[in-house]
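Residue numbers (the numbering used here), protein chains in the order written: chain A, 11 to 332; chain B, 11 to 332. Structure first, then comments.
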């Protein structure tokens, strides 16, 4: 299992390469929420999302023998860029299996950052088995996007920073909203935040069509949703929660909430217009939950993670026209 | 004259209302620059630009009698929003004279923040005299956009923060690039930065067509340029430097440099794509100078101010298509 001490150890490993992203507030957002809202701007993180935290934490702990063989990863795009960047920093060759309909910016950045990309069809092929086949051929490690202790510990460093930043501001968060796909960021932040604030309520925020964590929390076991579902949130599309991540989330989360594509569009527009931040659909889910009152924020201190900002200019423009 | 101590006093006045904006760095930008680049993200400041600093510093020092009469300001848009917001916070009525072709977002935000707007034609009317006529009628104060000691001291708090943040990072800046219009931000930052780092070179960055500060530095006296000139940088269009600001800038600046509209567009695209920040044309000038090598950055620590982020979605989209 992942402990708070693993997250503290990860934060030391990450110190030289990671940005301590700002915790941003906005008088207008506070007014809308009727409380205090603090946005952890992981869209400003190196590679444009929180994923660098977990990827570097895992890659930096490979043995020299493992590192020499290179690594394989599968990712909708943000983990891809992170693994490519971490690999380049550590001198490890990286091959990334990505859906062919991933945002162009994510595919291009993955290549620019030093990764070799292998594209697949999200609706007919299984990325997991493609990656595992390549790995078996080469005898090399797979870097999973969320279901690994080192990945979870790495993502948890975002929560560690949130706690330190809240304490610098003299604020105690009542709740934290985390954009949730496989659950790595949610689980990592739940560990570090519940350790710092035993009374905090941590919520997963999912797209309406991909509410696998919500369904799983309800039944107490990992449920699967229909993967042919569509959502504007390309980064938050998994069929079922991770095994390790769900064990943690089942134990620590206060619940989960869902946002619609329109909620997410409104959040992206708000971030452009009032925060001057570029947020991608999946990265805007937690902010959308605040803006669209999917969660009670009145008289509370709410932390919401902006988990990524990798969005194509065309989609961004069409959302702004909204 | 404005002293360092005035800026320290302003920073205490501003503490409860101002955001300590982050100093952002990017491995890719460092690579392009061949040195270390630190971006002071004043686009993330309350009201979307640094202007809140000077406006609040001035308005909060009005006498109760002056405050009761309300204030007039003239502004291309960022000062307008700042004066409106500061007025609302302090219970002071504000009337803002703005060009009718100012970005819609700036006019709308000024109204939303509580200001009354009076629009004029930038090419046939003189905003200064319109504002002064209204002020004479009402017997109230004009809040000028840059040429006032309290405004300059307020803007200088951005430089004070830069110095504190560089020291937290253990870095000594060799040079600072400041987007320059009338020269208030440049002068304020020059005072605080030259006080913290006697060897620093502070440069004004202007649009090519509005290089009045560069021309004035060359001759040693305030020169005027043709106001019918056009630039994408709506926030950086003045005919001549301020009287007080130029006295300071003449004494403290290492020089001035100019950027083209295309340089600025490239910087806005870079900020969207790689920094996940929304920057307006005038706010991107200093970053443009770095990206387009208008200034030597190799092996240096360079601070560049991103001075604002108020840009209409349509223009933003058309620049991204670029």
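Note that the Cβ used here is the ideal one computed from N, Cα and C, for glycine as well.
Suppose you measure from the CA of residue i to the CA of residue j; what does that come to, to the nearest Å?
i             : j             : result
residue 195/B : residue 101/B : 25 Å
residue 309/B : residue 200/A : 42 Å
residue 125/A : residue 244/A : 20 Å
residue 31/A  : residue 235/A : 33 Å
residue 217/B : residue 269/B : 5 Å
residue 189/A : residue 108/B : 41 Å
residue 159/A : residue 328/A : 38 Å
residue 38/A  : residue 229/B : 46 Å
residue 284/A : residue 58/B  : 7 Å
residue 226/B : residue 134/B : 25 Å
residue 95/A  : residue 143/B : 59 Å
residue 12/B  : residue 60/B  : 18 Å
residue 141/B : residue 83/B  : 7 Å
residue 302/B : residue 273/B : 6 Å
residue 207/B : residue 262/B : 12 Å
residue 257/B : residue 15/A  : 56 Å
residue 112/A : residue 86/A  : 6 Å
residue 41/B  : residue 300/B : 11 Å
residue 215/A : residue 123/A : 29 Å
residue 127/B : residue 290/B : 21 Å
residue 44/A  : residue 264/B : 47 Å
residue 259/A : residue 62/B  : 42 Å
residue 276/B : residue 204/A : 43 Å
residue 153/B : residue 145/B : 10 Å
residue 56/A  : residue 129/B : 42 Å
residue 147/A : residue 79/A  : 11 Å
Buried or exposed for residue i, please, with buried defined as at least 16 other CB atoms from any protein chain shown within 10 angstroms of its CB.
i             : result
residue 104/B : buried
residue 137/A : buried
residue 139/A : exposed
residue 231/A : exposed
residue 114/A : exposed
residue 88/B  : buried
residue 116/A : buried
residue 286/A : buried
residue 26/B  : exposed
residue 149/A : exposed
residue 151/B : buried
residue 131/A : exposed
residue 75/B  : exposed
residue 110/B : exposed
residue 252/A : buried
residue 238/A : exposed
Identify every residue that forms a DSSP beta bridge with residue i.
i             : result
residue 269/B : 217/B
residue 51/A  : 316/A
residue 130/A : 109/A
residue 185/A : 211/A and 312/A
residue 83/A  : 106/A and 153/A
residue 46/A  : 311/A
residue 33/B  : 50/B
residue 59/A  : 318/A
Tell me whether the beta-carbon of residue i lies closer than 8 Å to the beta-carbon of residue j.
i             : j             : result
residue 99/A  : residue 81/A  : no
residue 170/A : residue 21/A  : yes
residue 312/B : residue 185/B : yes
residue 176/A : residue 167/A : no
residue 54/B  : residue 73/B  : no
residue 248/A : residue 192/A : yes
residue 49/B  : residue 314/B : yes
residue 163/A : residue 67/A  : yes
residue 267/A : residue 156/A : no
residue 90/B  : residue 120/B : yes
residue 279/A : residue 319/A : no
residue 241/A : residue 52/A  : no
residue 307/A : residue 47/A  : yes
residue 6/B   : residue 202/B : Look at the range of chain B in this structure, 11 to 332, and you will see that residue 6/B is not part of it.
residue 8/A   : residue 210/A : Nothing about residue 8/A can be read from this structure; chain A reaches only from 11 to 332.
residue 220/A : residue 288/B : no
residue 330/A : residue 92/B  : no
residue 295/B : residue 246/B : yes
residue 213/A : residue 305/A : yes
Closer than 7 Å to a non-hydrogen atom of the ligand FAD - does that hold for the CB of residue i?
i             : result
residue 308/B : By its list of ligands, the structure shown contains no ligand whatsoever, and the ligand FAD lies outside what it can speak to.
To test your reading of the DSSP string, which unbroken alpha helix (DSSP H) runs of 4 or more residues are found completely within the stretch 248 to 292 of chain A? 253 to 262 and 271 to 280
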